[in-house]
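Peer 1: Protein chains in written order, with our numbering: chain S, 1285 to 1664; chain V, 1285 to 1664; chain E, 1285 to 1664; chain R, 1285 to 1664.
Dropping the structure in here first, questions after.
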């Protein structure tokens, strides 16, 4: 990463015209809005319902200010984290985001290359537009996000493929067993999956292909509709989790937990970790801010459980607050997608660089030499 | 209803240009504003005084976020409710709204046809522009909203007619014994009743007609003024409720209750239910948000009393919150009136379809398989 | 008053184009802005400092919603109040406002005529542009607001003249012993007193005139500067109040009290009443909202002490809230000044009529038949 | 100072066109924006990150209203303070602000002359563009702000020079051991130090000059880069403070403390005082509002410790609130920099005059005759 709090000269170069990248979340979003057509931009930027939860996610960070410590001696800092064996040079990973091909061609490969270059791991979405094996071929540090499709054969295949391709954990998303009510997409009449976007895992599955009359390369719409039909799985329950253990010995995290009781239940069911999330305000509008849920969840599961968090993280201060309040690391979503939209792999790297610098500076100036020193006493 | 959370393909058709309807309350309101002249739009959209209560109604929903449960298994859901024998496929009814003819010709018949088509019951307003018998002839699932006019003979006739026409309950509005201070209407010099709108129940009453020198069809203004004169009834008290029981054996609900003591008193007076409401912020400006009052009222009357709620319900999340906090069902007001303004019967059906879909998705994604599972633990 | 909640037909005439007056505080203010030059408008509309207290005054009303009672039977209502022998048909008086001549010629006579016509008493400002005797000649129901000038002879004369002219009480303003920091006036370079406005009580004082080389009618600036010099009196303390009792046997109220301890001290000092006020946000910017101070003060002085209130009252709901929370009556300031600016005497009467109607409707619809029934249980 | 609350005539002259200066913080800022190029304006006006802490600083003052006392007798007031031997005629000093030369040529001399003229002390920044000896030559009442540079020889020299030049105390800034993430500057590519601005203390240091191949006057960039390289010092800890005592016997205050534990530790380490500050929101974005931290700190250190405060002080009410809540005095930052930008020395004096008048009026009207009478009972 190019910025170093202790190296003013080096930073001066970055400062003095060394960057044409946007600075700050809103600037990245504005640039992405210029770069994209309205429908894909809205797909990324929008949320469910009246977007109240999107707003609540941000507001929760505002309500919890930092209480920096002085004169701790922070010349040396270690921002790195390791979660279930996955290391990152900064306390964030790249969240799973589906259908990234609407933002840029060959999107997942750009993400993978940025991940490899920076060392910040990615969590590949089940709804990506590149086959998980092709992403794995670039060998980024990686986990796999699982949409447990309603079709059991395809779901099992997906898990086994991810395991075989060297993904280090399964992040089972439990808050999106079907798509939510998203007014922007409804207004735009926009369902990108209809032309095959985000369905690469289906199309790379031999069993799926075997069911088709003609392959997706020849006849896209029928294949897309069949894949879409296999997606929803509202029947999934806690009892099903045992099956997942038969398909893989990888660690499993549940993503989308918002309640203490659900968090405890997940651990009782043998899950290896939790991602507190409201899917960036994209699923249940009106739901509790993720940061508020994080506090409740960490309190319930104790200090040793693996708890990640996403939804509303925009600045270095947000990262530091979330970690101080109990997240082992946070996941970045829209921030890096805007980087992708603006500048492809390089844009993602710029976002990562900037956010890491902001986290580093916030830690340096708040008296934290390592991520482990971020604890609730740092937040009012 | 056309949308089904578990059927992504079906929804995809709706999503991909399948609708020209607005999506979301603000979009419906904006379209209605374009469709209507200013005075009738303001009549619908406006409230009393400085419209503080209108704002407070919305804000109260924002203050109470949902706490979704995961992995409950919500493939099968039952959104239906039954309140005092009236069933609805979704936990909402169509609130009584007066003078709908200012929005569209033959408005109440459009509402009735939408009600019949969707199964969502209507509560016909005493201030409708279509005789209650004519609405009943279309046989929608129906209750009758009673403005207990100051003229006792006419009030009694009204109740007896509603009973005879097959309305299943009387919803006595207690918060509008006279019209409130509504600045938008005052500025517009707009009192739609003056040309007979909203007075159909009077004009269809033989006793009323017998008092006129010439029938309304020939001489509208004198008839309208006489009807208006018969409207206010600030003298009405708890003691009068017994008389209502002499006129009908239908269940009676009091609409407009905002306090625990009033709610208990209503039940003690033998009422069959309560509608917590501030009339959408149209009567006492500065009054408590309806959702806050609902919490107080449900706490006071216990779990078995019939309690409905309106005022401020805009989204599926709002419906779910209100029900979780104690409403047996909610009443929709402005949302369906905007549907009527934009598209008549079809517009109302679109509003109902969309809101039902949003409720359904919110329940599906929050771990509620039936309305009965919506309880306060689902709200923070 | 022309509006009657129980008389819809009469109101209908008002509603249906019967008024060209603005409706609602913001509309009156907007019209006044059009009617006045910028400097006098800013003088009226502005406050001290960053105008934070002006905003806080309004916000305090928003934080305390009403809890209306139903079915009380409010056909007959009595809005009248009597405070220390002064009766008003509505629970408000016209607050003392200085320098009204900047808004309209012969302003105080217009106020007096509106007061006489409506029966709503006025409290004449020491800083009026019409001699107190000339206002008294129109015989409105009246109290006198006292600025206890730094010049003791002139202050004593002023009190004795007010007593002789039939003012029923002295309202001693304690929060304006000098003018505050008012940025709008400073920006406009606007000190209306410099050309004699607001100094009529000085100019009508024989002792004052005797000190001048030539009378104000001939040489205005020296007279104005001499009057201004006599104004400030920051030396005034609790101990001085006894002297006031030597000058008059009229009841005395202290206006500008914002603390419980000061309120108790005023009563201990034999004062007959208190006006909780922050001078409409025009003196100490950053000070507590008047409604919040009212609650504290009423709690401290018990139910029997005379407590009035002003600062932030804009709507009928505000009047009702203030009275319910402990004010025996409220004082209106800017609302009637805007009426004066827009329409002279008739404008003031329109403001009074509208506000009384709004109060009346709020009481009628909230279950209060008399001002005495407005108690804290009506506010959440 | 030209304004006197008790002298209305004198003020009238000021009021009536006697000033062309802006009135109020926002007006000064707006005028400064017109006067400056974008980059230097943004450097002054901007903050770290998303500027949340800048907003929080202001909001904290809004949340804590004043509770003015009446009739105390405030004809005579003493606004002066003395802190560790440094007197000011008003309870504020001029905060250390670096790189003022971006705002106006010869900036620090203008500040020094304004300080001398008004008697309000300055705290000279280590990052000033004028050598500390040259500022001292104008003999303003003065302290020296210390950036404890990473280069120990240069840091020691700096302290010894300040001591020798008659600065009365060392204010060691502990929150800026490196520069923070400031998006406005990053967007503008603006690092003013690169062309020597703010580096005068380095350039006046013989040891520093001895290391250069050619002096800054001849070869600016290498000298600037060398100085910048010597700046960061994240290694500084509590243990280093003892060394400072070896370099000087002047009182030492720590500036940038935001926590009770750090405040106590500073006193335990023998420091003579604390400046509660978040550097005007320019360092750790997301950090606690300075006023909130002040309350916590004063509570922790007891009434006798020296505690100053800055960050968010904009109005006279803000000054009074901060002092009432525990600050012995506050430091002004942006307000006087805008004065400098708008009008040089005279602009600074105008800002000081205005703010002193506002403080004086606020005290006069709130019942405080001396700064010592400002205590927490004056704040709600």
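Ideal Cβ placement from N, Cα and C applies to all residues, glycine included.
Every value quoted in this text rests on a predicted model; they were computed, and no experiment measured them.
1. Check the Cβ of residue 1567/S against every Cβ in chain V and list those closer than 9 angstroms, keeping chain order.
2. Given residue 1547/R, which residues of its chain have a CB within under 6 angstroms of its CB, disregarding the five upstream and five downstream residues?
3. Comparing alpha-carbon positions, which option in 1551/R, 1475/R, 1448/R, 1526/R lies nearest residue 1383/R?
4. So, does the CB of residue 1597/E fall closer than 8 angstroms to a CB anywhere in chain R?
5. What residues are listed by DSSP as bridge partners for residue 1403/E?
6. Is residue 1467/R close to chain S? Criterion is C-beta to C-beta, closer than 8 angstroms.
7. Round the Cβ separation of residue 1551/S and residue 1367/S to the nearest angstrom and send it over; I've been treating them as touching at under 8 angstroms.
8. Using the rule of at least 16 other Cβ atoms within 10 Å of the residue's Cβ for burial, across every protein chain shown, is residue 1652/S buried or exposed?
9. Buried or exposed: where does residue 1479/S fall if 16 or more other Cβ atoms within 10 Å of its Cβ makes it buried?
10. Please go through the same chain and pick out, in chain order, the residues whose beta-carbon is closer than 8 angstroms to the beta-carbon of residue 1481/V, but skip the five residues on each side of it.
11. Hey, how far is the Cα of residue 1407/V from the Cα of residue 1379/V?
12. For the candidate residues 1419/R, 1463/R, 1337/R, whose alpha-carbon lies nearest to that of residue 1513/R?
13. So for residue 1371/S, helix, strand or coil by DSSP?
14. Of all the residues that make up the region 1509-1528 of chain S, which are near chain V by a beta-carbon distance shorter than 7 angstroms?
15. State the Cα-Cα distance for the pair residue 1285/S and residue 1614/S, rounded to the nearest angstrom.
16. Going straight from the alpha carbon of residue 1485/R to that of residue 1650/S, what length do you get?
17. Which of the three DSSP states is assigned to residue 1366/V in this structure?
18. Which chain S residues sit within Cβ distance under 7 angstroms of residue 1355/V?
19. Quick one: give me the first and last residue of the alpha helix (DSSP H) that residue 1582/V is part of.
20. Tell me whether the beta-carbon of residue 1361/R lies closer than 8 angstroms to the beta-carbon of residue 1612/R.
21. State buried or exposed for residue 1281/S, treating a residue as buried only when at least 16 other CB atoms are found within 10 Å of its CB.
22. Alpha carbon to alpha carbon, what distance is there between residue 1349/R and residue 1571/E?
23. Using the DSSP secondary-structure output, state which residues sit across from residue 1558/R in a beta bridge.
24. Would DSSP call residue 1567/R helix, strand or coil?
25. Name the residues in the region 1326-1345 of chain E whose C-beta lies less than 7 angstroms from a C-beta of chain R; which are they?
26. Is it the case that the Cβ atoms of residue 1658/R and residue 1345/R are separated by a distance below 8 angstroms?
27. According to DSSP, is residue 1484/S helix, strand or coil?
28. Under 8 angstroms, Cβ to Cβ, is there at least one residue of chain S near residue 1558/R?
29. Classify residue 1495/R: buried if its beta carbon has 16 or more other beta carbons within 10 angstroms, exposed otherwise.
30. Run through chain R and tell me which residues come within less than 8 angstroms of residue 1307/S, C-beta to C-beta.
31. Could you tell me which residues DSSP puts in a beta bridge with residue 1427/S?
32. Would you mind stating whether residue 1491/R and residue 1449/R have Cβ atoms separated by less than 8 angstroms?
33. In terms of residues, what are the limits of the beta strand (DSSP E) holding residue 1454/R?
34. Do residue 1343/V and residue 1634/V come within 8 angstroms of each other at the CB atom, strictly closer than that value?
Peer 2: Quick look at the numbers:
1. 1352, 1645, 1649
2. 1541, 1558, 1581, 1584, 1585
3. 1475/R
4. no
5. Note: residue 1403/E sits in no beta bridge, so no partner.
6. yes
7. Not really, about 15 angstroms apart at Cβ, beyond 8 angstroms.
8. buried
9. exposed
10. 1383, 1385, 1386, 1413
11. 6 angstroms
12. 1463/R
13. strand
14. 1509, 1512, 1513, 1515, 1516, 1518, 1519, 1520, 1521, 1522
15. For residue 1285/S, the pLDDT reaches just 45, beneath the cut-off of 50, and the residue's location in the model is therefore unreliable, although a value from the coordinates is still provided. C-alpha separation (whole angstroms): 18 angstroms.
16. 27 angstroms
17. strand
18. 1458, 1520, 1521, 1522
19. 1574-1585
20. no
21. Because residue 1281/S is not part of the residues shown, which for chain S are 1285 to 1664, the question remains open.
22. 5 angstroms
23. 1538/R, 1591/R
24. coil
25. 1333, 1334, 1336, 1340
26. no
27. helix
28. no
29. exposed
30. 1467, 1470, 1471
31. 1407/S
32. no
33. 1454-1457
34. no
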